[in-house]
Each structure stands twice: as structure tokens, then as C-alpha cells.
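Chains as they are written, first to last, in the working numbering: chain V, 573 to 816; chain B, 47 to 368.
Glycine included, C-beta positions come from ideal geometry on N, C-alpha and C.
If you're wondering where the values come from, they're calculated on a predicted model, not measured in any experiment.
A short worksheet on the structure shown next.
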Amino acid sequence: MTSPNALADTLQTVELADGVEIQLRVAGPAIRSLAWTIDACIAIACYIAAAIVMGMLGVFGMENVWEGVLLLFMFFFNWFYNVFFEMTRHGATPGQRFMGIKVASVNGGPVRLPQSLIRNLLRFIDFMPAFYLFGFLSTLCNQRFQRLGDLVADTVVVYADPKPANPLRVQINATPQPSPHPLSRPEQAAILQFIERAPLWSDDRRIELANLLSPLTGATGPEGLRRLCAIGLYLRQGHPSKKS
Amino acid sequence: MTSHQFEDENNHRWQRLEEVIDAVETKQPHEDIERLPTLFRQICHDLSIAQHRLYDSAIIDRLNRLAIAGYRTLERRLSGGWERLAHLILREFPQTVRQEKKLFWFNTLLFWAPFLFFAIWTPNDPEWAMRLLGPEGMVSMESMYGSHTSPQDYMREEFGSNFMMFAFYIYNNVGIDLRTFAGGLLAGIGTLFIVLFNGAHIGAATGYVHHACNPHTFYSFVAGHSAPELMGVVISGMAGMRLGLSLIHPGPHDRRTSLVLGGRRALLLILGACILTSIAAVIEGFWSANPMAPWIKYTFGAIVWSLTIAYLGFCGRRSHAT
Numbered sequence: 573m574t575s576p577n578a579l580a581d582t583l584q585t586v587e588l589a590d591g592v593e594i595q596l597r598v599a600g601p602a603i604r605s606l607a608w609t610i611d612a613c614i615a616i617a618c619y620i621a622a623a624i625v626m627g628m629l630g631v632f633g634m635e636n637v638w639e640g641v642l643l644l645f646m647f648f649f650n651w652f653y654n655v656f657f658e659m660t661r662h663g664a665t666p667g668q669r670f671m672g673i674k675v676a677s678v679n680g681g682p683v684r685l686p687q688s689l690i691r692n693l694l695r696f697i698d699f700m701p702a703f704y705l706f707g708f709l710s711t712l713c714n715q716r717f718q719r720l721g722d723l724v725a726d727t728v729v730v731y732a733d734p735k736p737a738n739p740l741r742v743q744i745n746a747t748p749q750p751s752p753h754p755l756s757r758p759e760q761a762a763i764l765q766f767i768e769r770a771p772l773w774s775d776d777r778r779i780e781l782a783n784l785l786s787p788l789t790g791a792t793g794p795e796g797l798r799r800l801c802a803i804g805l806y807l808r809q810g811h812p813s814k815k816s
Numbered sequence: 047m048t049s050h051q052f053e054d055e056n057n058h059r060w061q062r063l064e065e066v067i068d069a070v071e072t073k074q075p076h077e078d079i080e081r082l083p084t085l086f087r088q089i090c091h092d093l094s095i096a097q098h099r100l101y102d103s104a105i106i107d108r109l110n111r112l113a114i115a116g117y118r119t120l121e122r123r124l125s126g127g128w129e130r131l132a133h134l135i136l137r138e139f140p141q142t143v144r145q146e147k148k149l150f151w152f153n154t155l156l157f158w159a160p161f162l163f164f165a166i167w168t169p170n171d172p173e174w175a176m177r178l179l180g181p182e183g184m185v186s187m188e189s190m191y192g193s194h195t196s197p198q199d200y201m202r203e204e205f206g207s208n209f210m211m212f213a214f215y216i217y218n219n220v221g222i223d224l225r226t227f228a229g230g231l232l233a234g235i236g237t238l239f240i241v242l243f244n245g246a247h248i249g250a251a252t253g254y255v256h257h258a259c260n261p262h263t264f265y266s267f268v269a270g271h272s273a274p275e276l277m278g279v280v281i282s283g284m285a286g287m288r289l290g291l292s293l294i295h296p297g298p299h300d301r302r303t304s305l306v307l308g309g310r311r312a313l314l315l316i317l318g319a320c321i322l323t324s325i326a327a328v329i330e331g332f333w334s335a336n337p338m339a340p341w342i343k344y345t346f347g348a349i350v351w352s353l354t355i356a357y358l359g360f361c362g363r364r365s366h367a368t
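Here it is in C-alpha cells:
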């Protein structure tokens, strides 16, 4: 699937059947542990609440029945808490929703019931020998942060759609100028991203980064920055030969 | 064309798709709902163009998000519900058990060999069985099946204890099935260990009954639920070994693909095993402890064994006529 020499990145490219590539932001072990901790707290609270309720009902007789209900509750809660919530339309447990992550198929589609069952039944192994050691090691050994259950179920944990940020529209004062040398696509992309993000940085930072490109711009300091912006604006307008 | 021109020109389409996806999510009717596939394809096209032309990351992000959301919406399927479950029980599960013949016999051997060894050996030399059961195990065996008991006793006197025991069998026995399955991921070793230990433990209990208790009470108690319960143990072993084998012997696939494919097959097996074990829990909870003449219980047990074998052996076979 992914070539072995691909860069390790939280943006994982997936090709859909339509030939288009989408990018999934996979979630790492840190945020997943936090989500798990929240779920664990919810679980403990539910167990305590259930034990208290069943104990109180037991006062009115039929202790055996309530004890049985408690056992069944524990069985289903233990094994199927995650399956239940992953099957809702959010694809996430309360803890995962709170942290803004969700479970998805590797191909970006929603997680299905068989996948959810597999990844959660195998959680038992991921947890071994204690506190998800196997699962943690597994997330470090593959590019998509998949624990063992994820590998078998073919699922990933991804960031749920973030709210779209308001794009910053800042006028850059420079006259567009073509680059003195032909630029490759990654180079063009880097310069475009630079002028897109430059308004977020301090002057010193902009100049520091622009100085790295002094071989291209032939200048350092504010003058180098100005020339870099000029090239960026030229690229942004669209290359004359690529008009559509 | 600059990013802004591109955005201005196509924005109405993107907004349309956003509206349609929202409508599907909130289950509201929308006039354009039938155009969802078309809108989705257009978004994919726009995304490719935007990626190729190195447009602003804000636009690419938005299109990427829309493409994912559209894909998820299109890929949503209503699950088959009860029909799917019936298909699983009546066809897929028994068919898979028959297809995995080697695994079936391997796990049968894995479970029954230690069982028979301990059941036969213990009356001569109860030392090992006593170690295996531990003092608490022996006490509880004697209180249930001790030599002072008879098959006609009512084994649970309190009201509601049948239900409690049923719940306990679900919690404990189905839980063991699920762990047996999961243990397969440790290259099958976890499964191997659980099935072997299960066979040895149940065998030791049987042997100990012959040594110190009243076998008649024991056999009439277990007759009814033994078939689905022991088959459940064997088949959850199959599920775990299926998973373990896909890991250590991927065959023509790469290891990751082999695990995914093996996992799907193993899931069918473990779901079936859980259903069998749950049936056993119902019988053990509500039938096995009732005070009834032993011959009724033995007859019932024989019927359940034949039904279980017939179900696994013949259910879902395609008739040759069609």
C-alpha cells in the first residue's frame, strides 16, 4: 500500500475508487490514550452507579435477579461499549468525540459492524501485558498508528473533521515576478505555502525563512523576503502556460 | 485561473454538496439528494484540479473534507439487521465450520485429548486433578455433585438463582470464548493454551467426580447443555487458530492482507461459537438444575447432541438439484 520509503506523516494519502486522492489525518497514541482515559472514567462511573442501583433494588428482594442483571451489564459493557458507540453516526466513543477523533476504515469510509467487532474483541490482546503495551508498540511500527486490532480490522483512528478555519486574507505588497530559475512542483508548493502562512509569523521569522532561499532570490534580509513574495504572487496568479 | 476565481466559479456546487450531506446526516429530505453521486464525482474532480494547480491550502482542505464526507455518506449502508443475522446462523457459520475441516479436527483433538486423559486417569491417581481444581474447586464440586446428592435434588433452591446462574454463564463462558479468539493474535499460542487448559480442567472435574462424588448427579446435570457448550469451546478455538495461522502462515497474500481476510473468517466462527455458548447458558441456567428423572435429562441431552451435530454438519448445505 504505502511505499516503505514514504515519509512518516500524520497525513496519510488514500486513493479512492474515483482515482482522486484524499488525505486522512491519523491520530497518534497520545490523543488516543487521553480519549481512552475519559472512556475508562465513564466506565468506572457506570459500574459504580450500576452496582449501587442493583444493590438498592436488592433491598426489595430478588437479590439474585439483580446480581444477574449486573453480570449481564458488565459483560456487554466490557466487550461492546466501543462497538455500540462506533456504530453511531459519529463513529466515536464519548471519549473519542470529546478529543475530536473517530474510527474509520483505512479507505476513509465509515467503520462497519464486523470491523468494529474485530477491533474491539482484539482490544484484549492490545491491552496486554498491561495498559496497552502491545497496542502501543504496534502503533509505533506502522505508518497509520494502527494497534493490532486495527490491523486485523483494517481500521484507523483519524481526526474528525475540524471546523474550517477562516482563511486569512492579507494583501501582500509586491509586484508579481517570475522566478529566475525554473522551479519543480514541490518547490512551487513550498513557496506558495510560505506566502500563505507568512502573515501568521513575525517579521523576524519571515526573514529568517526567506534567507534560506537567498540562492534563489539573490538577496538577504527584507529585500530577499520581498523578492520571495514577488515569486510567490506570480505563482499564485497561475503560470501563463497553464491557463485553463 | 487563480484560487479565488476557481472558488468563486465552483462555490455553488460545493455548497450544494455540503447541504445534501447535512440533509442525509440529519435525515431531512432534500431536492438534490439523487444528485449526490454526481456532486461527489464533481468534488473529486475539483479536488484533483486544485491539488494539481497548487491552489490555496484552505481550498484544498475544504475539498478534501468534502470528498471524505461525501465518500462516507455514499458508503453508508443500512445493515442487514435480522435477515443478516439469520443468514449468518443458518448458512455462513455452519458452512465456514465445514470448510475449516482441518482446524475443526485439530481443535477437537486439542480439547478432547487432555479431557479424556484427565477423566480416565484421575480415578486411579487423583493427585494431578486435585492440583488443577484447587481446594475451592473441590469443595464446590462436592457441594454440587457430592456422594450424598442424588439427581432428583433441586440444585438451586432460591428464587431467581436460575437467572443469576444464566447471567454468570454468559459473563464467564462467553467471555472465555472471546478471549480464546483474541488469543489467536499471539501467533495462536494464547488460543492453544486456553483450549488445552479448558480441556484439562473440565476433564479433571469429570475425573474427580468419579473419584469423590456421585457421577449420576453430575452426568444428568451436564447432559443437557454439554453439546453446545463443548462445541462452543472447540469452535472458538478454531476462530483463534484461524487468526493465528493467518499471521504465521500468510500463504499467497502479504501478512497484513492475510490478517484482514483471516480476521473476517475468524469473526464468523467466533460469533457462531458465542451463539452456541449462549444457548448452552440458557439450558444450563434454566433446565439443567431442575429436579427431574435422570432418563428425561439424558434423553434431552441426546436430542441436543444430535441437533448440534446435525446443525453443524448439514445446515446451509446447497442441494445438488439446484
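Which residues of chain B have a Cβ atom closer than 8 angstroms to the Cβ of residue i, listed in chain order?
i: ARG661 of chain V; result: GLU71
i: LEU720 of chain V; result: LEU231
Can you pull the chain V residues whose beta carbon is under 7 angstroms from the beta carbon of residue i, in chain order?
i: ILE216 of chain B; result: LEU644, PHE647
i: VAL66 of chain B; result: Chain V residues near VAL66 of chain B: none, gap ~16 angstroms exceeds 7 angstroms.
i: GLU121 of chain B; result: GLY681, PRO682
i: SER94 of chain B; result: VAL592
i: VAL306 of chain B; result: VAL724, ASP726
i: ARG302 of chain B; result: LEU723
i: ILE334 of chain B; result: For the sequence presented, residue 334 of chain B should be read as Ser rather than Ile. Here the premise fails: no neighbours, minimum Cβ distance about 16 angstroms.
i: ALA228 of chain B; result: LEU693, LEU694, PHE696, ILE697
Is residue i close to chain V, meaning its C-beta is less than 8 angstroms from at least one C-beta of that chain?
i: THR368 of chain B; result: Note that THR368 of chain B scores a pLDDT of 45, beneath 50, so its modelled location is shaky; the value from the coordinates is reported in the next line. No, because no Cβ of chain V sits closer than 8 angstroms to the Cβ of THR368 of chain B.
i: ALA251 of chain B; result: no
i: ASP102 of chain B; result: yes
i: CYS90 of chain B; result: yes
i: ALA113 of chain B; result: yes
i: ALA327 of chain B; result: no
If we cut at 8 angstroms on Cβ distances, does residue i have a partner in chain B?
i: GLY627 of chain V; result: no
i: TRP608 of chain V; result: no
i: GLY640 of chain V; result: yes
i: TRP651 of chain V; result: yes
i: ASP733 of chain V; result: yes
i: PRO771 of chain V; result: no
i: GLN668 of chain V; result: no
Once DSSP output is grouped into helix, strand and coil, what is the label at residue i?
i: VAL306 of chain B; result: helix
i: GLU677 of chain V; result: In the sequence as presented, Glu is not what sits at residue 677 of chain V; that position holds Ser. In this structure, SER677 of chain V counts as strand in the three-state DSSP scheme.
i: ARG695 of chain V; result: helix
i: PRO682 of chain V; result: strand
i: HIS299 of chain B; result: coil
i: ILE95 of chain B; result: helix
i: ASN170 of chain B; result: coil
i: VAL592 of chain V; result: coil
i: THR665 of chain V; result: coil
What's the C-alpha gap between residue i and residue j?
i: THR168 of chain B; j: TRP158 of chain B; result: 15 angstroms
i: ARG799 of chain V; j: ALA746 of chain V; result: 8 angstroms
i: MET700 of chain V; j: ILE594 of chain V; result: 34 angstroms
i: PRO812 of chain V; j: ARG87 of chain B; result: Low confidence applies to PRO812 of chain V: its pLDDT is 47, below 50, so where it sits in the model is not reliable, and the reading given next is rough at best. Those two C-alpha atoms are separated by around 28 angstroms.
i: GLN74 of chain B; j: THR727 of chain V; result: 29 angstroms
i: THR226 of chain B; j: LEU85 of chain B; result: 47 angstroms
i: GLN687 of chain V; j: PRO261 of chain B; result: 45 angstroms
i: PRO682 of chain V; j: LEU112 of chain B; result: 14 angstroms
i: ASN219 of chain B; j: CYS90 of chain B; result: 49 angstroms
i: ASN577 of chain V; j: VAL306 of chain B; result: The predicted model places ASN577 of chain V with a pLDDT of 46, which falls under 50 and marks its position as unreliable; any figure quoted below should be read in that light. Taking the straight line from one Cα to the other gives about 23 angstroms.
i: ASP611 of chain V; j: LEU709 of chain V; result: 21 angstroms
i: ALA165 of chain B; j: ALA251 of chain B; result: 8 angstroms
i: ASP171 of chain B; j: LEU242 of chain B; result: 20 angstroms
i: PHE649 of chain V; j: GLY331 of chain B; result: 21 angstroms
i: ARG59 of chain B; j: ASP107 of chain B; result: 16 angstroms
Which residues does DSSP list as the beta-bridge partners of residue i?
i: GLY192 of chain B; result: B:CYS259
i: ARG364 of chain B; result: For ARG364 of chain B, which the question treats as bridged, DSSP gives no partner whatsoever.
i: ARG597 of chain V; result: V:LEU583
i: TYR731 of chain V; result: V:ILE673
List the residues of chain V whose Cβ lies closer than 8 angstroms to the Cβ of residue i, in chain order.
i: VAL220 of chain B; result: PHE647
i: ILE294 of chain B; result: Result: empty, since nearest Cβ-Cβ is about 14 angstroms, beyond 8 angstroms.
i: MET210 of chain B; result: ASN636, VAL637, GLU639, GLY640, LEU643
Under 9 angstroms between beta-carbons, which chain B residues line up against residue i? List them in chain order, please.
i: VAL728 of chain V; result: Per Cβ cutoff of 9 angstroms: no residues; VAL728 of chain V is ~12 angstroms from chain B at best.
i: LEU788 of chain V; result: Under the 9 angstroms cutoff, chain B gives no residues; its nearest Cβ is about 17 angstroms from LEU788 of chain V.
Using only the heavy atoms of the ligand FAD, determine whether one of them is closer than 7 angstroms to the beta carbon of residue i.
i: ALA339 of chain B; result: No copy of the ligand FAD occurs in the structure displayed, which carries no ligand at all.
Against residue i, what residues of chain B qualify as contacts under a CB-to-CB distance less than 7 angstroms, listed in chain order?
i: PRO686 of chain V; result: ARG310, LEU313
i: GLN765 of chain V; result: SER103
i: GLU768 of chain V; result: ASP102, SER103
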